[in-house]
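Reading through the structure tokens given below for one structure.
In this note's numbering, the protein residues as written are 150 to 398.
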């Protein structure tokens, strides 16, 4: 028969008190986490706007926190997985904040659109000025050489002034390219941290509209080395003209 000494009784009593204190702290933390979830739901139950991804992740983070202490006493492996999920949610929130989507949609993209509109407007004005000057020169009276020379000189100065539009449009285009590069860097970084599979693009299917645009070549002028060259066009027209001439031989 084992006899417990006074020091043993004190040790066991201290251990029980310590365990009780741990349980009490866990229960208090669980109640606090549940209260946070309830407060969040109460605050957002009457909200008319759509629930954002940030709201969902915030709620998921609080839910995982409310379950953490309970699952810790049930199965440590589950707790580890839940902790990892909570850590991943926190990391994703940081990535979303770094994406600065509000800045893109509220500032970057609208600014780029305004710059492109200004480029189109400046190009149109310069084109009209050049064409009007050329028409004035072509329709001018050449009977008075001195007056004609003065008119041509003035119109040529106007043409040169109109051609300076490309300096400003070049600066505007640089701003648009910089905006596109900014968006590309942010989105690429976000996708990289999402750890998406490399073959995800293979699952994308071309829509009918995209196929129609590609087949009808609706992308505007071709870059150097792309599309049909002028030599190919001349050769095709030359062969066609030869066939037409044979009909009259």
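Don't be surprised by glycine CBs; every beta carbon is placed ideally from N, CA and C.
CB of residue i within 9 angstroms of CB of residue j, strictly
i           : j           : result
residue 328 : residue 260 : yes
residue 258 : residue 322 : no
residue 335 : residue 253 : yes
residue 238 : residue 210 : yes
residue 301 : residue 279 : no
Member of the options whose CA lies at the smallest distance from the CA of residue i
i           : options               : result
residue 284 : 308, 263 and 273      : 308
residue 244 : 338, 356, 361 and 360 : 338
residue 312 : 343, 299 and 277      : 277
residue 256 : 271, 358, 310 and 332 : 332
Contact belief for residue i with residue j at Cβ below 8 angstroms, rounded distance in angstroms
i           : j           : result
residue 324 : residue 264 : 5 angstroms
residue 275 : residue 314 : 4 angstroms
residue 241 : residue 206 : 6 angstroms
Contact test: residue i Cβ vs the ligand GDP heavy atom, cutoff 8 angstroms
i           : result
residue 253 : Among the components of this structure there are no ligands whatsoever, and the ligand GDP is therefore not found.
Indicate whether the contact test is met: 3 or more Cβ pairs, each with one atom in the segment 276-293 and one in the segment 241-251, closer than 8 angstroms.
-> no
Taking only runs that begin and end inside the segment 234-300, name each unbroken alpha helix (DSSP H) of 4 or more residues, in chain order.
-> 258-287
Whole beta strand (DSSP E) elements within the segment 314-343, 3-residue minimum = none
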